[in-house]
Structure formats: C-alpha cells, structure tokens
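*Asks:* The opening position of the sequence shown corresponds to residue 2 in our numbering, with each subsequent residue numbered one higher.
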Amino acid sequence: MEHPENDKAYKGLKVNDGVEAPGSINPYLSTMRRKRQTLFSVNDYVEGILRGDVTMLSRAVTLVESLLPEHQAIAQEVVEHCLPHSGNSVRVGITGVPGAGKSTSIDAFGMHILERCGGKLAVLAVDPSSERSKGSILGDKTRMERLSQHPDAFIRPSASAGSLGGVARKTRETIVLCEAAGYDKVFVETVGVGQSETAVYSMVDFFLLIQITGAGDELQGIKRGIMEMADGVVINKADGDNIDEARRSAVHLRNALHLFPMPASGIRPQVLTYSGFFDLGIKEVWDMIFDYIAKVKENGAFDERRHNQSKYWMYETIEEQLRMRFMNAPGVADRLMHYEQLLLSGKMTSFAAAARMLDFYDNIKDGTGR
2 MEHPENDKAY
12 KGLKVNDGVE
22 APGSINPYLS
32 TMRRKRQTLF
42 SVNDYVEGIL
52 RGDVTMLSRA
62 VTLVESLLPE
72 HQAIAQEVVE
82 HCLPHSGNSV
92 RVGITGVPGA
102 GKSTSIDAFG
112 MHILERCGGK
122 LAVLAVDPSS
132 ERSKGSILGD
142 KTRMERLSQH
152 PDAFIRPSAS
162 AGSLGGVARK
172 TRETIVLCEA
182 AGYDKVFVET
192 VGVGQSETAV
202 YSMVDFFLLI
212 QITGAGDELQ
222 GIKRGIMEMA
232 DGVVINKADG
242 DNIDEARRSA
252 VHLRNALHLF
262 PMPASGIRPQ
272 VLTYSGFFDL
282 GIKEVWDMIF
292 DYIAKVKENG
302 AFDERRHNQS
312 KYWMYETIEE
322 QLRMRFMNAP
332 GVADRLMHYE
342 QLLLSGKMTS
352 FAAAARMLDF
362 YDNIKDGTGR
C-alpha cells in the first residue's frame, strides 16, 4: 500500500508499511484434533482414587458429571466401589448473599484448617449456569489464589446446570469420590441464597450462612428457610470502619435466631463476625464448627442427619429417574404436544392434561399403548 505522506512534498514525515493482516482461518487447523478422554477400567479409576491420584480423581468426576450413558455406567460402578471408603470427612456447606465474599472466605478457611489441622481439603465450587446459553465462567479458582496452589487442596468448579439450589446434579457422588481419595474436609460452595438450598443442606454436616452488613434489613433480607437451616451464621468484612456495624448486625441476627424453633441437632446456631480478606476471626469460626461437630456426634444427631440425607437422595434419584423414563417413553413427546395445543386453546385444564398423560404412560408400561 502506498502512503501519500511519504511524498517528497511532506518533509519530515515517513509512514512505514504495516504488518500484513493474518488470514481468518487458522493454518494449523487441519493438524489439530480434539483429543477424546481416554476411558479406563473401573478398577483403574478406583485404584487411582484410593491412592490419592488427583488426575484420576478429576477424570472420575468428569465421568460422574457426563450425560453420556456409557460414561454414566462406568461412573456408577466407580462410585459404588468407592462408597465403603467414604464417609470419614467433615462436610461443610457454604452459602451467602451475592457479594458476601464466599470464595475469598473459602480461601481463608481452607488455608487455616490445612495449616492448623493438616489433612486434605476438597472444594466443590458450584458456578451459576446461564439459563440462556447454559454456559458458566467457572472462575472460582481465580478467587482462591492461595488454596488453588496448595498441594493438599483439590478445587473442582462445576456448572449448576439449573439444578435445585444451584448444586451440581452429581455433587453428592463427587463427595464420595473425594472422601475415598483421602480428603477429610469437604467444602460445598453454593451459588447463593434461596429456599431451594435444601439440596445443599441435605449433603453436608454443617451449613454455614455468610452475611454482610449494609445489604438491607437483616430480618427482611434473609429468607426464613435459610435461617432455619443454618447451623451457624457469620458476618464477613468485619474490618476497618465496618467493625461496629458488623457487631450490631450480629446482635440483630442473634435476637432473630432466638425466635426460631430449636434445631433438630439441639444446638442453637451461633453468630460470629470475621474478615476473610484480612484473616481476622477465622480461628473462632472454625472453633464453632468443630465444637458443633463434636456435640452432634456425641448426642447422635450427626448419624441421624446422615441417615436422613441418604434417604432424601434416594427419593430424589427415584423422582429424577421416573421423570427421565416418562419423557423418553415412546409416543410421549408427540402426545405432550397434542395436550399443549388443547391447553392453549382453553379446551383442557393443566391438571386434566397431566392426568391424561400419566394414564397414557401407564398404558405404555402395560403394553396396551392406548
């Protein structure tokens, strides 16, 4: 390309030729091939997990999260073989309002217990999925700088995929695999606050609610269901000029908690303040958690809670499998479209359509197909 600025009439000006624009197609595309995950035998996965092989653990978790039938078959066998080696960890669910500093707090909590108590820590960080694109950022590791570099920490971000309470559909199976791999502390970070966080509560031993000051009325801004499920409440960012405000918020929350019925554990939730960014009050938070675990193990509430959790997930799995079988049954998709049209035209109610669909499904099972 010729530049008129380089004409002799323009003394002192010189424009160099630019770099030629690269093509829009990658010239190496033909040599690039997407590598498919290598599938190992069930024994290979189990042996690798039991000896603490992080790579094999990660591959097994990927199988658990996969929707491919062949992956699911292998994953279920791996989970069943690992089940006898699980159950020996302390499971802590961590939730809180957006901006409460959950990931920063997990970084501080994790470093504290690894340095003071030893052992191994698994963090199952559930990332919110877009309802439109179904994609997730999965950027929790960027907010856990110290923990992500610790050799005894395993951080696994997973997309919530619209599942109940923001918990990944296979998080419970992943907990089993992590425990079998020797991780004696497990954190489950949830997307945020909501009554559907029942799913989180139903897989952990201690449910921690993180709050911050200045987020509105402490009593109006919190769902009652979350407060009733919380085994402990902590107020983050209690540092600098915010210390007095955090203490006042703690007093309000303690008064509110006394209005709720006594939890099944028999232990009234405590309210503490701390600073995840400055590592202030971290020891007190973990003293509260370990003291709670010791008390519920002594009064039998620990075992009762885990037994109830096992029953809860059995029924959850039954409902999920029944729904999948119903939706995949022959003729159901077409019949659903038929009843949708009747609903839209006002010729049938939702309840009558549902009853007809269930009758249709029962006939398929009976072999009549009517």
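Ideal placement from N, C-alpha and C gives every residue a C-beta, glycine not left out.
1. Quick check on F261: does DSSP put it in helix, strand or coil?
2. With DSSP collapsed to three states, give me the class of V98.
3. Please work out which residues of its chain come closer than 7 Å, Cβ to Cβ, to G267, disregarding the five sequence neighbours upstream and downstream, and give them in chain order.
4. Could you pull out every residue in the same chain whose Cβ sits closer than 6 Å to the Cβ of N17, ignoring the five residues on either side in sequence?
5. Less than 8 Å between the beta carbons of V124 and F208, yes or no?
6. Once the 5 residues before and after I114 are set aside, which same chain residues still bring their CB inside 7 Å of it?
7. Buried or exposed: which applies to K135, given that a residue is buried once 16 or more other Cβ atoms fall within 10 Å of its Cβ?
8. State the Cα-Cα distance for the pair S317 and T199, rounded to the nearest angstrom.
9. Among S149, S42 and V98, which residue has its Cα nearest to the Cα of H72?
10. Could you tell me the boundaries of the alpha helix (DSSP H) in which L337 lies?
11. Inspect the beta-carbon positions of A109 and I283 and report whether they are closer than 8 Å.
12. For the region 322 to 337 against the region 355 to 367, do three or more pairs of beta-carbon atoms, one drawn from each stretch, fall closer than 8 Å, so that the two count as touching?
13. Report yes or no: do the region 175 to 183 and the region 58 to 71 share at least 3 C-beta pairs separated by less than 8 Å?
14. Can you name, in chain order, every residue of its own chain whose Cβ lies under 8 Å from the Cβ of G217, other than the five neighbours on each side?
15. Could you give the distance in angstroms between the alpha-carbon of Y184 and the alpha-carbon of F291?
16. For the ligand SAH, I want to know if R357 counts as a neighbour, meaning its beta carbon is within less than 7 Å of at least one of the ligand's heavy atoms.
17. Is it buried or exposed, V80, if we count other Cβ atoms within 10 angstroms and call 16 or more buried?
18. Specify the secondary structure class of P158 as computed by DSSP and reduced to three states.
19. Please classify D367: does DSSP put it in a helix, a strand, or coil?
20. Classify K186 as helix, strand or coil using the three-state DSSP reduction.
21. Compare the beta carbon distance of V234 and G94 with 8 Å and say whether it is the shorter of the two.
22. If the criterion is Cβ atoms closer than 8 Å, does the pair I236 and Q271 meet it?
23. What is the DSSP secondary structure of L281, reduced to helix, strand or coil?
24. Let me make sure I understand the geometry here. Which of D367, K348, L345 and L337 has the alpha-carbon closest to that of A355?
25. Figure out for me which residue from W314, Y275 and E48 has the closest Cα to the Cα of D245.
26. Closest to I365 by CA distance: which of M57, G102, P331 and R92 is it?
27. For A334 and L323, I'd like the C-alpha separation in whole angstroms.
28. Out of R117, E78, Y313 and E66, which has the shortest C-alpha to C-alpha gap to Y46?
29. For M296, collect the residues of the same chain with a Cβ closer than 7 Å to its Cβ; drop the 5 residues on either side in sequence, then sort them by chain order.
30. Assign I211 to one of three DSSP states: helix, strand, or coil.
31. Please report the distance separating the alpha-carbon of P281 from that of S106.
32. Would you kindly report the start and end of the unbroken beta strand (DSSP E) that includes V234?
33. Within 10 angstroms of its Cβ, does S90 collect 16 or more other Cβ (buried), or is it exposed?
34. Within the same chain, show all residues whose beta-carbon is closer than 7 Å to that of L84, passing over the 5 residues directly before and after it, in chain order.
35. Spatial neighbours of E66 within its chain, please: CB distance less than 6 Å, with the 5 preceding and 5 following residues excluded, ordered by chain position.
*Replies:* The answer reads as follows:
1. Walking along the sequence shown from the start, residue 261 turns up at place 260. In the structure shown, F261 falls within a coil segment according to DSSP collapsed to helix, strand and coil.
2. In the sequence shown, residue 98 corresponds to position 97, counting from 1. In the three-state reduction of the DSSP assignment, V98 falls in the coil class, being assigned neither a helical nor a strand state.
3. Counting from one through the sequence shown, the residue named residue 267 turns up at place 266. Cβ within range, chain order: N300 and A302.
4. Translated into the one-based positions of the sequence shown, residue 17 becomes position 16. Once the five neighbours on either side are set aside, N17 has no close Cβ partner at all.
5. Within the sequence shown, residue 124 is the residue found at index 123, counting from 1. Within the sequence shown, residue 208 is the residue found at index 207, counting from 1. No, they are not a contact pair.
6. Here residue 114 refers to the residue found at position 113 of the sequence shown. Excluding residues up to 5 positions away in sequence, L122, K186 and W287 lie with their Cβ nearer than 7 Å to the Cβ of I114 in the same chain.
7. The residue given as residue 135 occupies position 134 in the sequence shown. In this predicted model, K135 has a pLDDT of only 42, less than 50, meaning its place in the structure is not dependable enough to derive any value.
8. As a working note, residue 317 is residue 316 in the sequence shown. As a working note, residue 199 is residue 198 in the sequence shown. Looking at the sequence shown, residue 317 is not Ser but Glu. CA-to-CA, the gap between E317 and T199 works out to about 12 Å.
9. Against the sequence shown, residue 72 aligns to sequence position 71. Checked all of S149, S42 and V98; the closest Cα to H72 is S42.
10. Position 336 of the sequence shown, counted from the first residue, corresponds to residue 337. Counting along the chain, the alpha helix (DSSP H) containing L337 begins and ends at V333 to L345.
11. Stepping through the sequence shown from its first residue, residue 109 is reached at position 108. Stepping through the sequence shown from its first residue, residue 283 is reached at position 282. Closer than 8 Å, so yes.
12. Segment contact: the region 322 to 337 against the region 355 to 367, three or more CB-CB distances shorter than 8 Å; contact assigned.
13. Verdict: yes, contact present.
14. The sequence position of residue 217 within the sequence shown is 216, counting from 1. Confidence in G217 is poor, its pLDDT being 49 and thus under 50, which makes the residue's placement unreliable; the coordinate value appears in the next sentence. Hits under 8 Å: none found.
15. Walking along the sequence shown from the start, residue 184 turns up at place 183. Walking along the sequence shown from the start, residue 291 turns up at place 290. Rounded to whole angstroms, Y184 to F291 spans 17 Å at the Cα level.
16. In terms of ligand content, the structure shown is empty, and the ligand SAH therefore cannot be addressed.
17. Mapped onto the sequence shown, residue 80 falls at position 79. That one is buried.
18. Mapped onto the sequence shown, residue 158 falls at position 157. P158 sits in a strand when the DSSP states are folded into three classes.
19. By one-based count along the sequence shown, residue 367 stands at place 366. It is helical.
20. To locate residue 186, count along the sequence shown from 1; it is residue 185. In the structure shown, the three-state DSSP call for K186 is strand.
21. Within the sequence shown, residue 234 is the residue found at index 233, counting from 1. Within the sequence shown, residue 94 is the residue found at index 93, counting from 1. Not closer than 8 Å, so no.
22. Residue numbering aside, residue 236 sits at position 235 when the sequence shown is read from its first letter. Residue numbering aside, residue 271 sits at position 270 when the sequence shown is read from its first letter. No, the pair does not count as a contact, with Cβ atoms beyond the cut-off.
23. Looking up residue 281 in the sequence shown gives position 280. Collapsing the DSSP output to three states places L281 in a strand.
24. Taking the sequence shown and counting its residues from 1, one reaches residue 355 at position 354. When only C-alpha atoms are compared, the closest one is L337.
25. On the sequence shown, residue 245 is found 244 positions in, with the first residue counted as 1. Ranked by Cα distance from D245, the first of W314, Y275 and E48 is Y275.
26. Position 364 of the sequence shown, counted from the start, is the residue given in the question as residue 365. Closest in alpha carbon position to I365, among M57, G102, P331 and R92, is P331.
27. Working through the sequence shown from its first residue, we reach residue 334 at position 333. Working through the sequence shown from its first residue, we reach residue 323 at position 322. Distance from the CA atom of A334 to the CA atom of L323, rounded to whole angstroms, is 15 Å.
28. As a first step, residue 46 is located in the sequence shown; it is residue number 45 there, counting from the start. For Y46, the closest C-alpha among the options R117, E78, Y313 and E66 is that of E78.
29. For the purposes of this step, residue 296 is taken as the residue at position 295 of the sequence shown. One detail in the question is off: residue 296 reads as Lys in this sequence, not Met. I268.
30. By 1-based counting over the sequence shown, the position of residue 211 is 210. Strand, per DSSP.
31. Counted from its first residue, the sequence shown places residue 281 at position 280. Counted from its first residue, the sequence shown places residue 106 at position 105. Checking the sequence shown, residue 281 turns out to be Leu, not Pro. For L281 and S106, the distance between alpha carbons rounds to 11 Å.
32. As a position in the sequence shown, residue 234 is number 233, starting the count at 1. For V234, the enclosing beta strand (DSSP E) begins and ends at G233 to I236.
33. For the purposes of this step, residue 90 is identified with residue 89 of the sequence shown, where counting begins at 1. Using a 10 angstroms sphere on the CB of S90, the tally of other CB atoms reaches 16 or more, which defines it as buried.
34. As a first step, residue 84 must be located in the sequence shown, where it is residue number 83. The residues are V177.
35. Indexing the sequence shown from 1 puts residue 66 at position 65. K171, listed in sequence order.
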